[in-house]
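Engineer: In my numbering, the protein residues as written are 2 to 275.
Each residue gets a CB set at the ideal place from its N, CA and C atoms; glycine is no exception.
My questions all concern the structure below.
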């Protein structure tokens, strides 16, 4: 049965942030399973590819964590969280820790491991992008200004044939969503504490909302509507189910749609879009 792509994908997707991260992981895992079947990869081939995906993920996480010369406590905690989300057996957890430690060793050959990853997993673009997203967020667990880790990410993407523009888009959306949600939570706490004080939008908030939709403040209302509809179409729960999303995951898919709607409604309120 082709199920391990979903299991690993959902668990690693948790690193991407809450339920929607799991949704993306499940989808990538599902498409990985289906894609392998269509490519004629069965039995031993599938098992080997998924082992390599698992192994390479933790190895490269360790490699990126050590890129600036040291592994921080937050990076170690991040790796532990991923292992917990995977519900690993004691034996599997030991393997994951071993892979992470191998990646941060001075003699780790990242080029060879990425070549191996490409050989067995490189045929599936969605899986490749998920891998990059996981590593990007692992790299930025201590902040987004670490040039050593950024350089490693850029070399990694070049090796994986991920164009710089795609990496920039992933990074921009990741940053925008994280900051937008953070500010929303801060304002919610403020409103609960100081109910008499109205909330005023900030320039950074509006910019983050625009970036979440892939537009700018200079975009026309029509361009904003078009970008919104495109994102809603891409993430519509019914369409995701038609592509293989389990029925029981509709609620989680809806949460992603709600985030898109929240950013769009925020922009509509700012601009008076009806």
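Near residue 74, which residues of its chain fall below 7 Å by C-beta distance, leaving aside the five closest residues on each side in sequence?
Structural biologist: Same-chain partners within the cutoff: there are none.
Engineer: In the DSSP assignment, the alpha helix (DSSP H) including residue 153 goes from what residue to what residue?
Structural biologist: That run of the alpha helix (DSSP H) goes 148-160.
Engineer: Straight-line CA distance for residue 28 to residue 238?
Structural biologist: Only weak support exists for where residue 28 lies, its pLDDT of 44 falling under 50; the coordinates are left without a value.
Engineer: Please report the distance separating the alpha-carbon of residue 245 from that of residue 107.
Structural biologist: Residue placement at residue 245 is flagged as unreliable, the pLDDT there being 43, under the threshold of 50; the coordinate-derived value follows with that caveat. Distance between the alpha carbons of residue 245 and residue 107: 42 Å.
Engineer: Using a Cβ distance threshold of 8 Å, determine whether the stretch 164-182 contacts the stretch 129-141, with at least three qualifying pairs required.
Structural biologist: Yes, they touch.
Engineer: Does DSSP classify residue 105 as helix, strand or coil?
Structural biologist: The answer is coil: DSSP assigns residue 105 none of H, G, I, E or B.
Engineer: Let me know the secondary structure DSSP gives residue 133 once reduced to three states.
Structural biologist: The answer is helix: DSSP assigns residue 133 an H, G or I state.
Engineer: Over what stretch of residues does the alpha helix (DSSP H) that includes residue 116 continue unbroken?
Structural biologist: 111-122 is the span of the alpha helix (DSSP H), which, as asked, contains residue 116.
Engineer: Assign residue 73 to one of three DSSP states: helix, strand, or coil.
Structural biologist: Looking at residue 73 - three-state DSSP - the assignment turns out to be coil, as it is neither helix nor strand.
Engineer: By Cβ distance below 6 Å, which residues in the same chain neighbour residue 207 in space, the five residues on each side in sequence not counted?
Structural biologist: So the list reads 271, once near-sequence residues are dropped.
Engineer: State the CB to CB distance for the pair residue 84 and residue 97, rounded to an integer number of angstroms; the pair is presumed to be in contact (CB under 8 Å).
Structural biologist: Sure, about 5 Å apart at Cβ, within 8 Å.
Engineer: Identify, in the order they occur along the chain, each residue of the same chain with its Cβ nearer than 7 Å to the Cβ of residue 72, setting aside the five sequence neighbours on each side.
Structural biologist: Taken in chain order, the residues that qualify are 66 and 105.
Engineer: Can you tell which of 133, 122, 82 and 109 has its C-alpha closest to the C-alpha of residue 53?
Structural biologist: Minimum Cα distance to residue 53 is reached at 122.
Engineer: Tell me which residues share the same chain as residue 262 and place their Cβ nearer than 6 Å to its Cβ, disregarding the 5 neighbours each side in the sequence.
Structural biologist: Cβ neighbours of residue 262 beyond the five flanking positions: none.
Engineer: Within 10 Å of its beta-carbon, does residue 232 have 16 or more other beta-carbons around it, so buried, or fewer, so exposed?
Structural biologist: When all chains shown are included, residue 232 counts as buried.
Engineer: Quick check on the burial criterion: 16 or more other C-beta atoms within 10 angstroms. Buried or exposed for residue 62?
Structural biologist: Buried, because 16 or more other Cβ atoms sit within 10 Å of the Cβ of residue 62.
Engineer: Can you give the Cα-Cα distance for residue 24 and residue 132, rounded to whole angstroms?
Structural biologist: For residue 24, the pLDDT reaches just 45, beneath the cut-off of 50, and the residue's location in the model is therefore unreliable, although a value from the coordinates is still provided. One C-alpha to the other measures close to 15 Å.
Engineer: Are residue 114 and residue 57 closer than 7 Å when you measure CB to CB?
Structural biologist: Yes; because the gap between Cβ atoms is below 7 Å, this pair is in contact.
Engineer: On the criterion of 16 or more Cβ atoms from any shown chain inside 10 Å, does residue 212 qualify as buried, or is it exposed?
Structural biologist: It is buried - the Cβ of residue 212 has at least 16 other Cβ atoms within 10 Å.
Engineer: Using only alpha-carbon positions, find the residue among 64, 266, 150 and 163 that is nearest to residue 110.
Structural biologist: Residue 110 has its Cα closest to that of 64, out of 64, 266, 150 and 163.
Engineer: Going by the beta-carbon positions, is the gap between residue 210 and residue 264 smaller than 7 Å?
Structural biologist: Yes, Cβ-Cβ distance for residue 210 and residue 264 is below 7 Å.
Engineer: Which term fits residue 228, buried or exposed, when burial requires 16 or more other beta carbons within 10 angstroms of its beta carbon?
Structural biologist: Answer is buried; the Cβ neighbour count reaches 16.
Engineer: What is the rounded straight-line gap between the Cα of residue 278 and the Cα of residue 226?
Structural biologist: The shown model of the chain, from 2 to 275, leaves out residue 278, and the question about it has no answer.
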